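Residues in the sequence shown are numbered from 1007 upward in steps of one, following the numbering used here.
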Amino acid sequence: MYNLEQFQKDLKCLDISLNENQIDQFMNYYETLIEWNSFMNLTAIVEFQDVLKKHFIDSLSIVKAYEKIKTESVKVIDIGTGAGFPGIPLKIAFPQIKLTLLDSLQKKINFLQEVSARLKLQNITFIHGRAEDYAKPDKEREKYDLCVSRAVANLSTLSELCLPYVKPNGKFISYKSEKITEEAENAKKAIHLLGGKTENQIELNLPDSNIYRNLFIISKIQPTPKKYPRKAGLPSKEPL
1007 MYNLEQFQKD
1017 LKCLDISLNE
1027 NQIDQFMNYY
1037 ETLIEWNSFM
1047 NLTAIVEFQD
1057 VLKKHFIDSL
1067 SIVKAYEKIK
1077 TESVKVIDIG
1087 TGAGFPGIPL
1097 KIAFPQIKLT
1107 LLDSLQKKIN
1117 FLQEVSARLK
1127 LQNITFIHGR
1137 AEDYAKPDKE
1147 REKYDLCVSR
1157 AVANLSTLSE
1167 LCLPYVKPNG
1177 KFISYKSEKI
1187 TEEAENAKKA
1197 IHLLGGKTEN
1207 QIELNLPDSN
1217 IYRNLFIISK
1227 IQPTPKKYPR
1237 KAGLPSKEPL
């Protein structure tokens, strides 16, 4: 029914192999995404091959920056997950991970719960709320090996929203679609204040395309001071 030749080639480029059930899960995810997108705003990208490349393969490209997601049962949180990217593709490809999806919109959480039920995904936690409110010691603070985000925000803001969730020795990886030299320079102070250290940037084009991606890797080297993140709204209005 679907032409998966390019998808299979792209997976091979990332050194990812999926079984038939996992391929079926990706197709089911695509169908559910398009179905729900007809009555709520989930994505502007709807053409089949574009979804495969710009959402699924893009999400999976993190293997270039974090190899152990392929084999270890790491705890992962996706902040501002929206329609489930990158979290759901990572869960399909690497079912052993323990995944938490956080989004501030209840209707998006409803969609993600429907996807999870249809795909029979296990070990997923859904959080409806703002990132600033759940990074508290009695909630999700410093519980995760890896925090990921494809959310559109500057790196200073994202670091304040994401680093509090990461355990010391864990990582925060931000998916960016452009070179962020100036943004990265401006974020250095924030990253340091939050207990992080810029480790690396992995620049790549998605397989067989000129679609540029930049995986920005921040290591957590010490606990985040208790005063961060600041109250809801401040990290975006007044970046550190």
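Think of the CB as a built atom: it goes at the ideal place given N, C-alpha and C, for glycine as much as any other residue.
As the structure is a prediction and not an experimental result, all values here were calculated from the model.
query: Kindly indicate the opening and closing residues of the beta strand (DSSP E) around Leu1221.; result: 1218-1226
query: Whole angstroms are fine: how far does the CA of Val1158 sit from the CA of Ile1186?; result: 13 Å
query: Can you give, in chain order, each stretch of the alpha helix (DSSP H) that sits fully within the region 1049-1074 and has at least 4 residues?; result: 1054-1057
query: Suppose the cutoff is 7 Å on Cβ atoms and the five residues either side in sequence are ignored; what does the same chain contact list for Pro1245 look like?; result: Asn1160, Ser1162, Thr1163, Ala1196
query: Under three-state DSSP, which class holds Gly1093?; result: helix
query: So within the region 1140-1212, which uninterrupted beta strand (DSSP E) runs reach at least 3 residues, ignoring any that extend past its ends?; result: 1150-1155, 1172-1182, 1202-1211
query: Which residues does DSSP list as the beta-bridge partners of Ile1133?; result: Leu1108
query: In the DSSP output, what is Ile1083 paired with across the bridge?; result: Thr1106, Cys1153
query: Of the choices Asn1175, Arg1156, Ala1193, whose alpha-carbon is the least far from that of Lys1182?; result: Arg1156
query: For Tyr1035 versus Val1154, is the C-beta spacing smaller than 9 Å?; result: no
query: Within a Cβ cutoff of 6 Å, which residues of the same chain sit near Pro1213, ignoring the five residues on either side of it in sequence?; result: Asp1016, Cys1019
query: Taking buried to mean at least 16 other C-beta atoms within 10 Å of its own C-beta, is Gln1031 buried or exposed?; result: buried
query: Does DSSP put Gln1012 in a helix, in a strand, or in coil?; result: helix
query: What does the alpha-carbon distance come out to for the pair Ile1094 and Asn1129?; result: 12 Å
query: Going by Cα to Cα distance, which pick from Thr1087, Glu1078, Gln1012 is closest to Leu1048?; result: Thr1087
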